[in-house]
Amino acid sequence: MVQPKPLDTASEAAESTQNQPEKGTGNPVHAQQRALADQLAQARAVFGEYDLVTRLPSRHQFLKDFPDRDALAQAGPLMLVTLSTAGHYNQLLRVLGHDAADHFVIECAERLIALLSDQCSRAYHVSVMSFAFCLPADGSPSPEALAAAIQKAFEATVTCRDLPVNAGIGIGVLETSRRAFDPAEALRAVMTAAQASRMQSDTAMRWYDRDTDEAFKRSFMLLTDLRHALHDDPAQLSLHYQPKMDLASGRITSAEALMRWQHPRLGAISPGEFIPLAEATALIQPLTQFVMEHAVAALSRWQEGGLSLNLSANISPANLNETDFIDHLLDRLHRGAVARGTFELEFTEGVLNDNQHQMLARLERLVDEGIEIAIDDFGSGYSNLSYLADLPATTLKIDQSFVRPMDEDPQKQRLVQSIIGLGKSFDYRLVAEGIETDASLRSLTAWGCDTGQGYFIARPMPEQAFMDWVGAR
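For the numbering used here, count along the sequence shown from 1 and bump the result up by 1.
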């Protein structure tokens with residue numbers, strides 16, 4: 002292994018600037034600016050070769066050592082190991098400070114270097130949480146064998162100020178022999194493979210593939226375009242309303258507000274695609290604000306026009322973490338003169354995963370203010386049954402993944418019946434999502450489900466079409 006040289010950056014930078022030829026006289030301010038620019042350029046040249054924390058060669062040095070596709074192809078497959086996530090690193094900084102965060106990165110770098118054979122290239126510290134190196138061109142050790150060894154080495158936590166920290170690594174590999182990428186693009190491509198490997202648990206590493214890369218690019222593009230839509234072109238966004246039927250009487254008693262995005266180039270973007278992206282970023286805040294503003298305004302118009310319907314809307318648990326979310330919502334409801342008990346918020350079961358006491362207190366405040374609470378997608382993930390007793394909710398929504406196939410699946414039928422019975426034992430109102438056949442509607446009615454929602458009843462529709470549809474019934 003090639004070890005990084007010790008740095009005397011201050012003296013090198015000073016010496017390099019002293020050796021510069023004098024600039025011509027002129028405006029003193031401009032001369033100072035030129036001198037400062039020269040100093041910064043020289044400092045970047047010195048600092049850029051090696052990472053100041055691990056003293057490993059940096060991304061800039063990687064690009065010097067592998068200046069073109071041919072040089073990279075001769076070195077062998079490119080492997081990149083990424084530690085945890087940027088958010089996790091920032092959390093380390095906030096909780097433990099810079100020294101502990103640096104210790105975490107150094108300890109991880111040392112574990113990695115200890116595993117690399119002499120046939121591997123030296124390791125490069127290519128970003129705060131990522132290290133890259135080239136494997137032997139002869140395939141010994143194989144990428145799979147080395148990845149398994151790295152995975153095993155990182156099973157043990159790193160101790161930072163007496164706290165165990167999990168590295169949560171991802172490992173990506175890129176075949177370089179085809180010369181498909183220049184070195185800078187190769188680093189980006191192998192990073193996508195490393196990020197993808199962190200999302201799967203069945204293997205220690207992930208080879209780069211173009212489909213995954215394109216999916217990452219599309220996700221980034223959608224986030225960028227969604228940010229633009231929210232701030233500069235909100236006409237791209239709208240709410241559609243799906244009716245909910247009281248199964249005993251056949252009357253439409255409520256609706257659910259559902260987000261829609263008409264992209265100017267790509268057309269309709271599925272909420273199942275862009276909402277999870279927003280939930281993983283700060284965009285979920287303005288997106289939810291858009292939903293709350295338009296849903297409350299619609300409900301206010303309905304009540305003012307004599308339409309007696311309730312309305313529900315989905316929000317993310319992240320919204321409940323916002324200190325001013327409830328105040329803003331209550332202000333909207335008050336300004337819209339919305340009647341108590343007619344607006345409902347739908348949460349998934351994960352609402353209590355973090356800071357349970359605080360979340361319960363905020364949910365209870367919503368209930369005290371006359372806002373109904375529903376548990377959405379019940380049974381679709383890990384269902385902690387204690388939530389049924391703990392949450393101040395009144396409605397349980399049976400996930401559509403159980404309802405849609407139940408006509409042909411007796412096990413799904415028994416499962417839906419069990420959920421209805423369980424919910425009734427806790428005095429919940431039961432709503433079945435995903436009703437697509439008359440047989441499903443009849444079965445759910447016979448089993449005592451309170452409310453139905455799905456394409457068999459009606460598809461989601463824009464507000465005016467929804468009001469016309471309700472008025473025609």
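Note that CB positions come from ideal geometry on N, CA and C, so glycine has one too.
Bridge pairing for Glu373: Glu345 [DSSP]. Between Arg430 and Asp400, the C-beta spacing is not below 7 Å. For Phe457, no alpha helix (DSSP H) segment is defined, and its DSSP state is neither H nor E. Three or more beta-carbon pairs separated by less than 8 Å are not found between the region 109-127 and the region 175-184, which leaves the two stretches without contact. Taking every protein chain shown into account, the CB of Ala440 has fewer than 16 other CB atoms within 10 angstroms, so this residue is exposed. Per DSSP, Glu108 lies in no beta strand (DSSP E); the unbroken alpha helix (DSSP H) holding it starts and ends at His99 to Leu116. A residue is called buried when at least 16 other Cβ atoms come within 10 angstroms of its Cβ; Leu223 meets this threshold and is buried.
For Tyr125, the enclosing beta strand (DSSP E) starts and ends at Tyr125 to Ser128. Phe275 carries a helical assignment under DSSP once its states are collapsed to helix, strand and coil. Closest by C-alpha distance to Arg443, out of Met407, His358 and Trp470, is Met407. Residue Glu108 holds the alpha-carbon nearest to the alpha-carbon of Val159 among Glu108, Gln357, Arg207 and Met80. When only Cα atoms are considered, Arg95 and Asp355 end up about 18 Å apart. Taking the C-beta atoms as reference points, Gln152 is found nearer than 7 Å to Ala205. His241 is positioned such that its CB atom lies closer than 7 Å to that of Leu259. Under DSSP, the beta-bridge partners assigned to Met462 are Tyr242. Distance check between Ala110 and each of Ala149, Pro58 and Phe67 places Pro58 closest, using alpha-carbon atoms only.
Secondary structure at Pro137: coil, using DSSP grouped into helix, strand and coil.
When secondary structure is reduced to three states using DSSP, Ser178 falls in the coil class, being assigned neither helix nor strand. Using a 10 angstroms sphere on the CB of Met130, the tally of other CB atoms reaches 16 or more, which defines it as buried.
Phe291 and Leu136 have their C-alpha atoms some 49 Å from each other.
Comparing C-alpha distances from Ala102 to each of Asp66, Ala168, Ala150 and Ala146 shows the shortest one belongs to Ala168. Residue environment analysis places Pro184 among the buried positions, since at least 16 neighbouring C-beta atoms fall within 10 angstroms of its C-beta.
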